[in-house]
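**Q** Numbering (the working numbering), first residue to last: 90 to 436. All C-beta atoms, glycine included, are put in the ideal place defined by N, C-alpha and C. Owing to the predicted nature of the structure, the values given are computational and were not obtained by experimental measurement.
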Ligand SMILES: Nc1nc2c(ncn2[C@@H]2O[C@H](COP(=O)(O)OP(=O)(O)OP(=O)(O)O)[C@@H](O)[C@H]2O)c(=O)[nH]1
Ligand SMILES: [Mg+2]
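Here it is, written out as structure tokens:
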């Protein structure tokens, strides 16, 4: 499936319908008079966070969104029908940004079903009946109806996950995602196997959380090297970064530093997030080499260094325990585990 996390669209709310100019003239009715109704209100433009969407790809094909205008008023004091509101469905985690230099945040859709009224439809114009006064019994005044509002905006999808995997290309991020979730991310022994972020749900010890796998970072990613660093937006809102370092590379400490520098260049508080560090591919090293690498990395980072081997499943449980502990109350109870618990019975 195609993935797109940024799109520019045009939105316009409906104009109000014009007010009517009309007079009541009936053969046997003594008193006529103005009876032009008001125009209907134009449709609003709303955004709604829909479940089951995880890309903005649809916006590559449709970029213009216009809510219908209100209908005009009519004789016999009939108000025009309001234009129907236009609801634009977006994935959860979509931000709506202004098309200005700062990309000002206008709206943020973070929960399923959340709706934001973004542009209001124009008010309907007044019909001539509403201008009737004791001195002006036959007004021909009316209004045309207020214009709708229009705007170009950027949609930016920032996936919502609890934990973000970061590391150099080939660090084993996707392999890890696949080993602890139901995801089937592509794995390959070449850099940049992963080109789009992918989410998976980890179920561990009766709790669950969402893990995000993103493309690898290389030196200079902030300046566009490799596939750049824009996809870091997808880990911006995580509570924890899980930094994977390939234990079998020449210099794991360097690898860790490179990624930390790129996280720092990206900004958005990524380096302030709690980080768990784990060496991967420890099956490729003997015990002595493994201990040496872990020690050097612990010294450089000042943190505990975990070690995993995805094919052997070694160290994975222990690492997940640490992730759960760091996430604390942020995890939710796993519904699957809750169901499998035997139900209580007095017998
Ligand atoms: N021996 C061994 N190989 C591993 C382990 N984890 C990953 N690999 C291999 O390392 C290579 C890269 O793994 P990926 O999971 O694709 O790495 P990645 O970090 O997702 O890479 P990019 O998507 O390119 O950034 C693959 O050939 C994997 O089979 C491990 O624990 N042990
Ligand atoms: Mg990958």
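1) Between the C-alpha atoms of residue 304 and residue 172, what's the straight-line distance to the nearest angstrom?
2) Would you say the beta carbon of residue 211 is closer than 8 Å to some non-hydrogen atom of ligand 2?
3) Short of 6 Å in beta carbon distance, which residues of its chain neighbour residue 226, apart from the five on each side in sequence? Order them along the chain.
4) Could I get the ranges of all uninterrupted beta strand (DSSP E) runs contained in the segment 90-121, with 3 residues as the minimum, in chain order?
5) Consult DSSP for residue 228 and reduce its assignment to one of helix, strand or coil.
6) Less than 8 Å separating the Cβ of residue 256 from some heavy atom of ligand 1?
7) Measure the alpha-carbon distance for residue 116 versus residue 122 and round it to whole angstroms.
8) For residue 413, tell me which candidate among 331, 281 and 353 has the shortest Cα-Cα distance.
9) Could you tell me which residues DSSP puts in a beta bridge with residue 212?
10) DSSP on residue 335, reduced to helix/strand/coil?
11) In whole angstroms, what is the alpha-carbon distance linking residue 207 and residue 288?
12) Could you please go through the chain and list the residues whose beta-carbon is closer than 6 Å to any non-hydrogen atom of ligand 1?
13) Does DSSP classify residue 180 as helix, strand or coil?
14) Taking a contact to mean a Cβ-Cβ separation below 9 Å, would you say residue 160 touches residue 128 in this structure?
15) Considering only their Cβ atoms, is the gap separating residue 307 from residue 351 smaller than 9 Å?
16) Can you give me the start and stop residues for the alpha helix (DSSP H) that residue 347 sits inside?
**A** In this structure, then:
1) 44 Å
2) no
3) none
4) 95-101
5) coil
6) yes
7) 13 Å
8) 331
9) According to DSSP, which records beta bridges pairwise, residue 212 is partnered with nothing at all.
10) strand
11) 29 Å
12) 256, 258, 259, 260, 261, 262, 263, 264, 276, 277, 278, 280, 281, 282, 283, 304, 305, 369, 370, 372, 373, 398, 399 and 400
13) strand
14) yes
15) yes
16) 341-355
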